[in-house]
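A.B. asks: Under this note's numbering, the first residue of the sequence shown carries the number 1, and numbering increases by one thereafter. Here a beta-carbon is modelled for each residue, glycine too, at the ideal position from N, C-alpha and C.
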Amino acid sequence: MIRLFAIAGYVYQSLLAIVLIFAISHLLPAADYTNFSLALASSQLLCVLMFEWLQLAGLRFLAAAGEAEAARLRTSLFAAGFFSAIALVAVGSSASLISALAPGVVAVGLGVAVLQGATDLYFLAVRLSDRLGTASILMAVRATALLAGAVTGALVAGTAQATLLGIAAGHAAVLLVGVIAHRAPLQAVSLRTMLAHWAEFCRYGMLAAGASVIHLSVPVMLRFIVISRLGATGAGAGFSIALDLLQRPFWVLNAAIHTVSYPDVVRDFEHGSDAKARRSTGQMFDFMICATIVLLGGLIGFIPDAGRILLPQPSLDGFLATAPIVALFCFLHTHLQATLAVVPHLEKLAPRLVAVAAGQLVIVVTGSAIASATGVSPTGTVACASAVTALAILLALGPTIRFHAILRWGLTIEAAVAGILIGSLAVLPSLPPAWLAGKLALAATATALVAWRGDFLMLARRD
Numbered sequence: 001m002i003r004l005f006a007i008a009g010y011v012y013q014s015l016l017a018i019v020l021i022f023a024i025s026h027l028l029p030a031a032d033y034t035n036f037s038l039a040l041a042s043s044q045l046l047c048v049l050m051f052e053w054l055q056l057a058g059l060r061f062l063a064a065a066g067e068a069e070a071a072r073l074r075t076s077l078f079a080a081g082f083f084s085a086i087a088l089v090a091v092g093s094s095a096s097l098i099s100a101l102a103p104g105v106v107a108v109g110l111g112v113a114v115l116q117g118a119t120d121l122y123f124l125a126v127r128l129s130d131r132l133g134t135a136s137i138l139m140a141v142r143a144t145a146l147l148a149g150a151v152t153g154a155l156v157a158g159t160a161q162a163t164l165l166g167i168a169a170g171h172a173a174v175l176l177v178g179v180i181a182h183r184a185p186l187q188a189v190s191l192r193t194m195l196a197h198w199a200e201f202c203r204y205g206m207l208a209a210g211a212s213v214i215h216l217s218v219p220v221m222l223r224f225i226v227i228s229r230l231g232a233t234g235a236g237a238g239f240s241i242a243l244d245l246l247q248r249p250f251w252v253l254n255a256a257i258h259t260v261s262y263p264d265v266v267r268d269f270e271h272g273s274d275a276k277a278r279r280s281t282g283q284m285f286d287f288m289i290c291a292t293i294v295l296l297g298g299l300i301g302f303i304p305d306a307g308r309i310l311l312p313q314p315s316l317d318g319f320l321a322t323a324p325i326v327a328l329f330c331f332l333h334t335h336l337q338a339t340l341a342v343v344p345h346l347e348k349l350a351p352r353l354v355a356v357a358a359g360q361l362v363i364v365v366t367g368s369a370i371a372s373a374t375g376v377s378p379t380g381t382v383a384c385a386s387a388v389t390a391l392a393i394l395l396a397l398g399p400t401i402r403f404h405a406i407l408r409w410g411l412t413i414e415a416a417v418a419g420i421l422i423g424s425l426a427v428l429p430s431l432p433p434a435w436l437a438g439k440l441a442l443a444a445t446a447t448a449l450v451a452w453r454g455d456f457l458m459l460a461r462r463d
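1. Got a sec? Which residues, its chain only, sit under 8 Å from Leu466 by beta carbon, not counting five neighbours each side?
2. Work out the CA separation of Glu69 and Gln247 for me, nearest whole Å.
3. By Cβ distance below 7 Å, which residues in the same chain neighbour Leu349 in space, the five residues on each side in sequence not counted?
4. Kindly indicate which three-state DSSP category Glu347 falls into: helix, strand or coil?
5. For Arg462, does the count of other Cβ atoms within 10 angstroms reach 16, so buried, or fall short, so exposed?
6. As an exercise, report each continuous alpha helix (DSSP H) stretch of at least 4 residues that is fully enclosed by the stretch 191-231, in chain order.
7. Could you tell me the distance, in whole angstroms, from the CA atom of Tyr122 to the CA atom of Leu56?
8. Using the Cα positions of Gly438 and Thr322, report the straight-line distance between them to the nearest angstrom.
9. Let me know the secondary structure DSSP gives His490 once reduced to three states.
10. So which of Leu45, Asp305, Val354 has the shortest CA-CA distance to Pro432?
11. Go ahead and pull the three-state DSSP assignment for Arg528.
12. Under a three-way DSSP split, which group does His333 fall into?
13. Which residue comes first and which comes last in the alpha helix (DSSP H) that contains Ala31?
14. What span of residues does the alpha helix (DSSP H) with Leu296 cover, start to end?
15. Would you be able to state if there are at least three C-beta pairs under 8 Å between the stretch 27-41 and the stretch 268-287?
16. Could you round the C-beta distance between Thr325 and Ala383 to whole angstroms and report it? I think they count as a contact, below 8 Å.
17. Quick check on DSSP: helix, strand or coil for Thr412?
18. Mind reading off the beta-carbon distance from Ala277 to Asp264? Whole number of angstroms is fine, and I expect it under 8 Å.
19. I think Val294 touches Gly419, with their Cβ atoms under 8 Å apart; what is that distance to the nearest whole Å?
20. Can you name the start and end residues of the alpha helix (DSSP H) that Ala392 belongs to?
21. With a 10 Å radius around its C-beta and 16 neighbouring C-beta atoms as the bar for buried, classify Trp53 as buried or exposed.
22. Quick one: Cα of Ser84 to Cα of Ser190, how far?
23. What does a CB cutoff of less than 7 Å around Leu407 pick up in its chain, not counting 5 residues either side in sequence?
24. Note the first and the last residue of the continuous alpha helix (DSSP H) segment covering Arg142.
25. Could you check the C-alpha separation between Thr119 and Thr374 for me, to the nearest Å?
26. Thinking C-beta only, is Tyr262 closer than 8 Å to Ala143?
27. Specify the secondary structure class of Arg461 as computed by DSSP and reduced to three states.
Here's what the structure looks like:
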């Protein structure tokens with residue numbers, strides 16, 4: 001039941017993130033929203049650059065550690081996080097010298113990156129202290145605080161800087177609440193032990209995080225390529241909204257499945273039989289692939305309706321033109337970054353992760369830049385990025401195929417049929433309201449059938 005609660009918490013976060021994007025797009029002028037979006041994306045990239053290596057190392061090592069060893073690892077993890085925060089500020093300050101954003105926006109964006117990284121690291125420690133329910137509540141509270149802070153900043157000042165300041169305040173408040181709600185057990189370690197832990201974190205975490213940073217750079221670079229052509233216009237804001245909006249559901253759903261499944265996969269890989277490891281990994285793949293296929297169909301089927309209802313008119317055309325292909329790109333990008341990385345993470349093949357990520361970045365940036373420079377529309381540019389990402393997926397399948405995880409291909413086909421059915425609802429009208437209600441009922445029925453056929457609710461409830 002706690003796992004179902006955790007998944008529901010991630011869904012809640014995703015919904016609030018969508019509400020935040022719609023709200024801020026209304027409260028800020030198009031130029032300010034574009035600057036806000038660029039600054040937030042850049043701060044998240046810096047956060048991943050400086051903290052992701054600790055997130056990945058902590059998840060990989062803490063999940064399989066005993067109680068006493070976990071307490072020592074957490075001490076080393078938090079100490080490394082402190083120095084990473086200092087490095088983040090130094091790197092971000094240097095990078096800001098070549099940024100076109102205002103210095104105030106850059107400074108607040110750096111604060112957001114530090115606070116987000118610290119909060120994510122602490123919540124990871126809480127979750128891996130067998131406090132999944134507590135961690136889920138804290139993350140849901142953070143989503144609420146971020147929405148409240150961002151909306152307050154946008155309402156009070158109506159600028160990108162004030163909106164980012166509200167987000168920073170939300171992170172800080174919830175970090176304080178988290179420390180009060182649960183003190184993650186720590187144990188003092190000698191400098192020699194801490195350095196040994198850091199060496200282990202670096203050997204695995206640095207390369208794995210490097211892959212995450214490179215993967216995260218792909219949509220950021222794609223954003224810059226498209227925006228450099230569209231400029232800070234309504235069309236540019238519409239594309240930015242589409243990318244901001246449609247990345248989030250895939251990321252949140254993937255994070256939810258990882259939260260409830262990945263620690264068990266690590267334990268089975270480290271301490272169980274080969275057959276058990278393949279079975280649990282295959283169940284996780286089923287969950288990830290089928291859930292995201294249905295999600296893709298839902299986004300294509302209903303996001304245009306939501307855009308027409310909730311988006312400001314200047315941004316609407318740019319959003320509607322790019323949203324479906326952006327959704328496809330985010331789907332493919334998520335599976336290259338997350339699903340195909342599971343087996344290399346288990347086998348600690350971090351150099352391969354970096355090679356795959358670097359390959360995707362090169363071909364996406366090259367293809368998108370050429371497409372944009374030759375006059376291809378933003379939709380065509382994102383389609384090019386999607387095609388080369390699909391090619392990268394095919395080239396990166398080797399370790400996953402060799403692992404022989406037990407997959408249910410029939411279930412995947414059923415999920416694809418359900419996704420196509422739900423996506424095709426976009427061609428039907430949403431007015432009068434009875435039509436929209438019927439579309440929602442049909443989509444809910446198809447989703448429930450896939451969940452029932454895959455036994456995903458029982459998988460999420462497994463203790």
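C.D. replies: The structure says:
1. Outside the modelled stretch of the chain, which goes from 1 to 463, sits residue 466, for which no answer is possible.
2. Numbered from its first residue, the sequence shown carries residue 247 at position 247. Numbered from its first residue, the sequence shown carries residue 69 at position 69. If I take the Cα positions, the gap works out to 36 Å.
3. Sequence index remark: in the sequence shown, residue 349 carries index 349 (1-based). If we look at Leu349 and ignore the five residues flanking it on each side, its Cβ neighbours are Pro399.
4. The residue labelled residue 347 in the question sits at position 347 within the sequence shown. Coil at Glu347, not helix or strand.
5. Counting from 1 along the sequence shown, the entry for residue 462 is found at position 462. Unreliable positioning characterises Arg462 in this predicted model, as indicated by a pLDDT of 49, which lies under 50. The coordinate reading is nonetheless provided below. The residue is exposed, with fewer than 16 neighbouring Cβ atoms inside 10 Å.
6. 191-201, 207-230
7. As a working note, residue 122 is residue 122 in the sequence shown. As a working note, residue 56 is residue 56 in the sequence shown. Near 13 Å, if we compare the C-alpha coordinates of Leu56 and Tyr122.
8. As a position in the sequence shown, residue 438 is number 438, starting the count at 1. As a position in the sequence shown, residue 322 is number 322, starting the count at 1. Cα to Cα, Gly438 sits roughly 26 Å from Thr322.
9. Here the chain covers residues 1 to 463 and nothing more, so residue 490 does not appear.
10. Translated into positions along the sequence shown, residue 432 becomes position 432. When each option's Cα is compared against that of Pro432, the closest is Asp305.
11. The structure shown does not extend to residue 528, since the chain spans only 1 to 463, so no value can be given for it.
12. Indexing the sequence shown from 1 puts residue 333 at position 333. In this structure, His333 counts as helix in the three-state DSSP scheme.
13. Numbered from 1 along the sequence shown, position 31 holds the residue referred to as residue 31. Start and end: 30-62.
14. The residue given as residue 296 occupies position 296 in the sequence shown. Taken as a continuous stretch (DSSP letters only), the alpha helix (DSSP H) holding Leu296 covers 274-310.
15. no
16. By one-based count along the sequence shown, residue 325 stands at place 325. By one-based count along the sequence shown, residue 383 stands at place 383. Rather than Thr, the amino acid found at residue 325 in this sequence is Ile. Ile325 to Ala383, Cβ: 5 Å. Contact.
17. Within the sequence shown, residue 412 is the residue found at index 412, counting from 1. DSSP places Thr412 in helix when its eight states are reduced to three.
18. Stepping through the sequence shown from its first residue, residue 277 is reached at position 277. Stepping through the sequence shown from its first residue, residue 264 is reached at position 264. About 10 Å separates the two Cβ atoms, so there is no contact after all.
19. For the purposes of this step, residue 294 is taken as residue 294 along the sequence shown, with counting starting at 1. For the purposes of this step, residue 419 is taken as residue 419 along the sequence shown, with counting starting at 1. Val294 to Gly419, Cβ: 5 Å. Contact.
20. Stepping through the sequence shown from its first residue, residue 392 is reached at position 392. Residues 378-395.
21. Here residue 53 refers to the residue found at position 53 when the sequence shown is read from its first residue. So Trp53 ends up on the buried side.
22. Position 84 of the sequence shown, counting from 1, holds the residue named residue 84. Position 190 of the sequence shown, counting from 1, holds the residue named residue 190. Those two C-alpha atoms are separated by around 20 Å.
23. Against the sequence shown, residue 407 aligns to sequence position 407. Excluding residues within five positions, the ones whose Cβ falls inside 7 Å are Gly282, Phe285, Asp286.
24. Counting from one through the sequence shown, the residue named residue 142 turns up at place 142. Looking at the DSSP string, the run of the alpha helix (DSSP H) that includes Arg142 is 132-156.
25. Position 119 of the sequence shown, counted from the start, is the residue given in the question as residue 119. Position 374 of the sequence shown, counted from the start, is the residue given in the question as residue 374. Roughly 43 Å separates the two Cα atoms.
26. Locating residue 143 in the sequence shown gives position 143, counting from the first residue. Locating residue 262 in the sequence shown gives position 262, counting from the first residue. Taking 8 Å as the Cβ cut-off, Ala143 and Tyr262 do not qualify as a contacting pair.
27. Walking along the sequence shown from the start, residue 461 turns up at place 461. Note on Arg461: pLDDT 48, under 50, position unreliable in the model; no value is reported.
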